[in-house]
Every structure is written in C-alpha cells, then in structure tokens.
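*Asks:* Below you'll find the structure I mean.
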Ligand SMILES: [Ca+2]
Ligand SMILES: [Ca+2]
Ligand SMILES: [Ca+2]
C-alpha cells in the first residue's frame with residue numbers, strides 16, 4: 323500500500339515531502355500511543371502499590387527534656403547544697419509549699435498557681451546530671467491545709483558533697499491530677515500501723531488490727547517481742563514513733579535498736595553490736611546505751627518516771643556519728659555522745675518491748691524513719707517560676723513505633739503533629755521493610771500538652787495517624 327501511495331505521490335511535485343510528513347506523523351502516533359500505554363501501565367502499577375501499602379503507628383512516646391510533666395503548667399527549680407560530711411543517697415528532704423505570695427526561702431516555696439486546694443497537683447523531679455535528664459522522685463504529702471499550705475518529704479536520689487548541689491524541680495498546675503503521695507516509698511521506714519506493718523514481728527509481738535498498733539508484750543511475765551526490719555540507715559537517722567506502756571505492775575521497757583547483728587537475744591540494755599535508745603519504766607530512765615547486760619550502765623541517761631503512765635508518748639530520736647538526741651513528748655531529754663566510734667554494719671533495725679518479773683503491756687504505732695547526715699544538706703536558691711511552653715526549648719523528642727504489614731517497602735517522607743491550634747510538618751526519610759516493625763525518633767518537635775494527633779505520610783501518598791493523649 324505504501325508503494326502505491328509513493329508511486330501515486332511521485333507524480334506530484336510535492337509528493338516526497340508529503341511522504342516524509344505522513345511517515346513522521348505515523349512515527350509520532352506510535353510513540354505517543356506507546357507512551358500512553360506505558361504511562362497507563364505505570365499508573366496502574368502505582369495505584370496497585372498504593373492500595374497494597376499498609377503502614378500503622380503502633381505507639382508514640384514523647385520526651386520533653388525541658389519539661390518532664392507536660393500536663394503541668396508551671397514549675398520551679400530548687401537547689402539543695404550538699405553536706406560537708408559527704409554525699410548522700412535516697413535522702414529525705416522536707417519542702418513546704420505555701421499558696422500565696424512571698425519570698426521563697428529555705429525549704430519554703432510560695433506560689434499562687436497550685437490548681438487544687440488539696441495540693442494534689444504537685445510533682446517532684448531530680449535532675450540527673452549524669453544522664454542530663456530529669457527523673458521523677460517519690461514524695462510524701464505529710465500534711466496539708468486546704469488552700470493554705472502543704473508539707474512534703476521528697477526522696478532525692480543523690481545529693482553530692484558540699485560545695486556541690488543537687489537540682490530538683492517542683493511541677494504544679496493541673497486541675498485534674500490526683501496525688502502520687504507515697505510515704506512507704508519515700509521514707510526509710512514508714513509504718514503507721516493503719517495496715518499490717520512491713521516489718522517482721524517476733525516473740526510476743528503481734529499486730530492489733532482492730533486498734534491499729536503493734537502490741538509488743540501482753541501484761542504478763544517474761545514476755546519479749548520485736549518489730550524489726552533488715553535495714554541499715556547509714557551513719558545517722560531520725561526515728562519518730564509513739565509508744566504506750568501500762569496496765570500491769572511496772573516493768574520493763576520499750577526501746578529502739580539500730581545496727582544490731584541480730585534481735586533474738588537483744589533487750590533494752592543488751593545490744594548485739596549496735597546502739598539502743600531505751601524507755602525503761604523499771605529503772606525510770608531514758609537511756610542511750612550499748613550495754614550488753616540486763617540493766618547495765620548506759621552511755622548516758624535521763625531520769626523519767628512517767629513512762630508507764632498508760633498514755634501514748636511521742637518520741638523522736640536523732641542519731642549521727644557518736645551522738646544521740648532523744649526527745650520525749652516534745653522535750654529534749656537527752657543529748658549525749660559515745661566516746662568511741664562503733665562498727666555500724668549490723669542491719670537489724672528494731673523496736674522491742676519486754677516484761678520480766680513484773681507485768682506491763684507495751685504498744686507502738688506511727689513509726690517514721692528517715693536518713694540523717696550531720697550537718698544536713700542545706701536549701702539553696704529558688705528559681706523563677708516557669709510556665710509551660712509548647713516549643714519546649716527545642717528539646718522535645720517524639721519516638722514512633724511503626725509496623726509495615728504489606729509486601730512492599732514503605733518510605734515515610736513526612737511527620738505531622740496536629741492539635742486544635744497547631745499543624746506542623748517535619749521532613750523525615752524512613753524506610754520500613756516488608757513485615758518490619760521499626761522505631762524512629764524525631765528531635766526538636768513542638769509538643770502540645772493536652773493530647774494531639776501524630777500523622778505520617780508515605781511517598782505513595784498514604785497516611786497513618788495516632789491519637790496521643
Ligand atoms: Ca484534689
Ligand atoms: Ca517505774
Ligand atoms: Ca533495764
């Protein structure tokens with residue numbers, strides 16, 4: 323047919339050029355058609371892949387290095403200067419927060435931004451200078467006066483030796499938070515006896531669940547009972563408890579024993595390597611002793627005849643080094659020192675009660691012990707109250723865990739963080755292989771504090787979303 327056309331056109335003066343035009347046109351058509359077919363195939367392939375792609379966000383974790391509790395609107399920094407006696411660990415420090423304006427000083431901080439009158443919305447962190455990160459720390463809300471003030475004990479993981487200091491943060495300002503106050507986790511020992519004690523009961527000691535105390539002895543002859551803990555507070559401690567003695571014929575004693583190597587054979591005046599702090603109604607004395615014989619001579623004592631008056635007595639014992647200070651019903655009764663250092667490695671910490679030839683009942687409750695170093699770490703400066711900012715000082719990190727359950731490798735090209743007022747995109751370049759679960763982190767992310775949506779976009783135009791509360 324082409325030959326016929328050429329032959330026909332040869333008769334024409336313009337024949338040759340027309341042939342060329344027609345042929346070029348045919349070639350062009352072929353090229354266009356084949357490209358359309360190829361493009362169409364590629365588009366189908368792309369659509370197929372896009373439909374196949376299945377990527378999901380399994381979890382989203384956020385770290386704000388600049389703001390540990392992102393749901394809390396305010397915080398303040400506080401320094402605690404170390405003791406000249408050396409560094410301490412897991413050390414209890416008292417902090418009082420006053421709802422009001424004033425000059426923060428010592429252990430007292432003033433703010434008007436606590437959201438709840440019962441001070442439920444208070445948290446504490448310790449700045450770990452080794453990791454460069456804050457970590458939450460245990461605390462106990464010891465007392466609270468609605469809308470006025472609250473006193474907390476916090477357990478600081480480490481306070482370095484003077485002149486160095488530890489840094490803590492107090493976070494507050496959250497109307498829905500509930501308290502995380504936990505005295506047992508915070509104090510060295512906390513047994514208020516409202517529930518069965520954590521300590522071990524031996525001999526005649528038993529827990530009186532109806533009356534919420536430990537009864538060390540019944541009012542009968544030759545009873546010996548201990549409530550003890552396998553714990554060593556270190557060089558010093560402050561122990562508070564209440565005891566009750568009476569109901570019998572006048573003997574023998576209640577005592578606190580520390581650094582003993584056992585309890586089974588110990589009595590008020592018979593230690594097993596440690597120190598005893600005794601309330602002895604038979605000898606009518608409050609004593610600091612390391613005697614090893616019944617009614618033996620103490621290091622020091624103070625006369626006291628009210629011990630077995632069938633009243634609850636409040637006791638506070640402060641010990642460090644060779645020194646003991648014993649407070650009885652709020653009065654300092656004894657302040658004395660041993661003449662030598664003893665080995666303090668024994669790890670029995672006990673409260674004992676005993677009768678002998680005479681009979682008295684002995685009870686104990688509300689035992690609270692904290693560590694103590696002398697001189698104590700001191701309170702340094704208070705920072706300026708800070709308000710939460712979503713940009714978090716350019717130090718926020720978002721970590722996503724992704725799961726690819728399709729037969730294709732998925733390429734993530736962007737990440738979005740979205741809430742009511744924020745719609746922010748971050749470029750990423752992450753490949754997740756077929757069947758793979760993979761984590762990746764994005765630094766310097768703006769994190770809204772009240773929940774947000776995280777969205778990822780693949781190069782095929784698919785998305786996955788995750789709601790972060
Ligand atoms: Ca509350
Ligand atoms: Ca007496
Ligand atoms: Ca005695």
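In our numbering, the protein residues as written are 323 to 791. Ideal placement from N, C-alpha and C gives every residue a C-beta, glycine not left out. Note that the structure is predicted; figures quoted are calculated from it, not measured.
In its own chain, which residues sit with a C-beta less than 6 Å from the C-beta of residue 760, not counting the 5 before and 5 after it?
*Replies:* Sequence index remark: in the chain shown, residue 760 carries index 438 (1-based). So the list reads 724 and 754, once near-sequence residues are dropped.
*Asks:* Looking only at C-alpha atoms, which of 494, 438 and 670 sits nearest to residue 581?
*Replies:* As a first step, residue 581 must be located in the chain shown, where it is residue number 259. Closest by alpha carbon: 670.
*Asks:* Just grab the DSSP bridge partners of residue 612 for me.
*Replies:* Here residue 612 refers to the residue found at position 290 when the chain shown is read from its first residue. Residue 612 pairs with nothing; no bridge assigned.
*Asks:* Any idea what DSSP makes of residue 369, helix, strand or coil?
*Replies:* Taking the chain shown and counting its residues from 1, the one referred to as residue 369 is at position 47. Reduced to three states, the DSSP call for residue 369 is helix.
*Asks:* By the three-class DSSP mapping on this structure, what secondary structure does residue 769 have?
*Replies:* Along the chain shown, one-based indexing puts residue 769 at 447. Three-state result, residue 769: coil.
*Asks:* Report the rounded CA-to-CA distance for residue 412 versus residue 446, giving the unit in angstroms.
*Replies:* Your numbering for residue 412 matches position 90 in the chain shown. Your numbering for residue 446 matches position 124 in the chain shown. When rounded, the distance between both Cα atoms is 14 Å.
*Asks:* Consult DSSP for residue 458 and reduce its assignment to one of helix, strand or coil.
*Replies:* The residue given as residue 458 occupies position 136 in the chain shown. Reduced to three states, the DSSP call for residue 458 is strand.
*Asks:* How about residue 572: is its Cβ closer than 7 Å to a heavy atom in ligand 2?
*Replies:* On the chain shown, residue 572 is found 250 positions in, with the first residue counted as 1. Yes, ligand 2 has a heavy atom inside 7 Å of this Cβ.
*Asks:* Mind checking whether residue 562 and residue 511 have CB atoms under 8 Å apart?
*Replies:* In the chain shown, counting from the first residue as 1, residue 562 sits at position 240. In the chain shown, counting from the first residue as 1, residue 511 sits at position 189. No, the pair does not count as a contact, with Cβ atoms beyond the cut-off.
*Asks:* Only counting runs of 3 or more residues, tell me where the beta strand (DSSP E) segments fall wholly within the segment 545-609, in order along the chain.
*Replies:* Correct list: 546-552, 559-568, 575-582 and 597-602.
*Asks:* Under three-state DSSP, which class holds residue 663?
*Replies:* Mapped onto the chain shown, residue 663 falls at position 341. Residue 663 falls in the coil class under three-state DSSP.
*Asks:* What residue range does the beta strand (DSSP E) around residue 677 cover?
*Replies:* Translated into positions along the chain shown, residue 677 becomes position 355. Premise fails: residue 677 is in no beta strand (DSSP E) and is neither H nor E.
*Asks:* Fully enclosed by the segment 469-531, which beta strand (DSSP E) runs are 3 residues long or longer?
*Replies:* You should have 471-481, 487-494, 511-513, 522-525 and 528-530.
*Asks:* Measuring CA to CA, which of 469, 560 and 741 is closest to residue 432?
*Replies:* On the chain shown, position 110 is the one that residue 432 refers to. Answer by Cα proximity: 469.
*Asks:* Would you mind sorting residue 716 into buried or exposed? The rule is 16 or more other CB atoms within 10 Å of its CB.
*Replies:* The sequence position of residue 716 within the chain shown is 394, counting from 1. Note that residue 716 scores a pLDDT of 47, beneath 50, so its modelled location is shaky; the value from the coordinates is reported in the next line. With fewer than 16 Cβ atoms within 10 Å of its Cβ, residue 716 is classed as exposed.
*Asks:* How far does the beta strand (DSSP E) with residue 536 in it extend, from its first residue to its last?
*Replies:* One-based indexing of the chain shown puts residue 536 at position 214. 535-539 is the extent of the beta strand (DSSP E) around residue 536.
*Asks:* Can you grab the Cα-Cα spacing for the pair residue 777 / residue 379, in whole Å?
*Replies:* By one-based count along the chain shown, residue 777 stands at place 455. By one-based count along the chain shown, residue 379 stands at place 57. Rounded to the nearest angstrom, the two C-alpha atoms are 9 Å apart.
*Asks:* Cα-Cα, which of 590, 567, 483 and 472 is closest to residue 632?
*Replies:* Here the question's residue 632 lines up with position 310 in the chain shown. For the residues 590, 567, 483 and 472, the minimum Cα distance to residue 632 belongs to 567.
*Asks:* Taking Cβ to Cβ, would you say residue 416 is nearer than 8 Å to residue 501?
*Replies:* Walking along the chain shown from the start, residue 416 turns up at place 94. Walking along the chain shown from the start, residue 501 turns up at place 179. No, these two residues do not count as a Cβ contact at 8 Å.
*Asks:* Taking residue 391 as the reference, give the member of 784, 785 and 772 with the closest Cα.
*Replies:* By 1-based counting over the chain shown, the position of residue 391 is 69. When only C-alpha atoms are compared, the closest one is 772.
*Asks:* Tell me which same chain residues have a C-beta within less than 6 Å of the C-beta of residue 506, skipping the five on either side of it?
*Replies:* To locate residue 506, count along the chain shown from 1; it is residue 184. Taken in chain order, the residues that qualify are 512.
*Asks:* Considering only DSSP beta bridges, list what residue 712 is partnered with.
*Replies:* In the chain shown, the residue the question calls residue 712 occupies position 390. The partner list for residue 712 (beta bridge, DSSP) is empty, contrary to what the question assumes.
*Asks:* Spell out the partners DSSP gives residue 624 in its beta bridges.
*Replies:* Numbered from 1 along the chain shown, position 302 holds the residue referred to as residue 624. According to DSSP, residue 624 bridges with 608.
*Asks:* Give every residue of the same chain whose Cβ lies closer than 8 Å to the Cβ of residue 442, excluding the five residues on either side of it in the sequence, and list them in chain order.
*Replies:* Indexing the chain shown from 1 puts residue 442 at position 120. Cβ neighbours of residue 442 beyond the five flanking positions: 499, 500 and 501.
*Asks:* Measuring CA to CA, which of 719, 741 and 707 is closest to residue 767?
*Replies:* Sequence index remark: in the chain shown, residue 767 carries index 445 (1-based). When only C-alpha atoms are compared, the closest one is 719.
*Asks:* Can you tell me where the beta strand (DSSP E) holding residue 438 begins and where it ends?
*Replies:* Position 116 of the chain shown, counted from the start, is the residue given in the question as residue 438. Premise fails: residue 438 is in no beta strand (DSSP E) and is neither H nor E.
*Asks:* Heavy atom of ligand 1 less than 7 Å from the Cβ of residue 440, yes or no?
*Replies:* Counted from its first residue, the chain shown places residue 440 at position 118. Yes.
*Asks:* Leaving out five residues on either side along the sequence, give the residues of the same chain with a beta carbon under 6 Å from the beta carbon of residue 627.
*Replies:* Within the chain shown, the letter at position 305 stands for residue 627. These residues qualify, in order along the chain: 606.
*Asks:* When you compare each of 630, 629, 652 and 634 to residue 640 by their alpha carbons, which one comes out closest?
*Replies:* As a first step, residue 640 is located in the chain shown; it is residue number 318 there, counting from the start. The residue with the shortest Cα to Cα distance from residue 640 is 652.
*Asks:* Locate the beta strand (DSSP E) running through residue 412, then write down its first and last residues.
*Replies:* If you number the chain shown from 1, residue 412 lands on position 90. From DSSP, the beta strand (DSSP E) with residue 412 extends over 410-421.
*Asks:* For residue 574 versus residue 677, is the C-beta distance shorter than 8 Å?
*Replies:* By 1-based counting over the chain shown, the position of residue 574 is 252. By 1-based counting over the chain shown, the position of residue 677 is 355. Yes, the pair counts as a contact, with Cβ atoms nearer than the cut-off.
*Asks:* Assign residue 600 to buried or exposed, taking buried as 16 or more other Cβ atoms, counted over all protein chains shown, within 10 Å of its Cβ.
*Replies:* The residue given as residue 600 occupies position 278 in the chain shown. Buried: at least 16 other Cβ atoms inside 10 Å.
*Asks:* Pick helix, strand or coil for residue 357, following the three-state DSSP scheme.
*Replies:* Numbered from 1 along the chain shown, position 35 holds the residue referred to as residue 357. Helix.
*Asks:* Consult DSSP for residue 643 and reduce its assignment to one of helix, strand or coil.
*Replies:* Translated into the one-based positions of the chain shown, residue 643 becomes position 321. Note: residue 643 maps to coil in three-state DSSP.
*Asks:* Identify the residues that DSSP records as bridge partners of residue 745: which are they?
*Replies:* For this step, residue 745 is matched to residue 423 along the chain shown. Looking at the DSSP assignment, residue 745 forms a beta bridge with 740.
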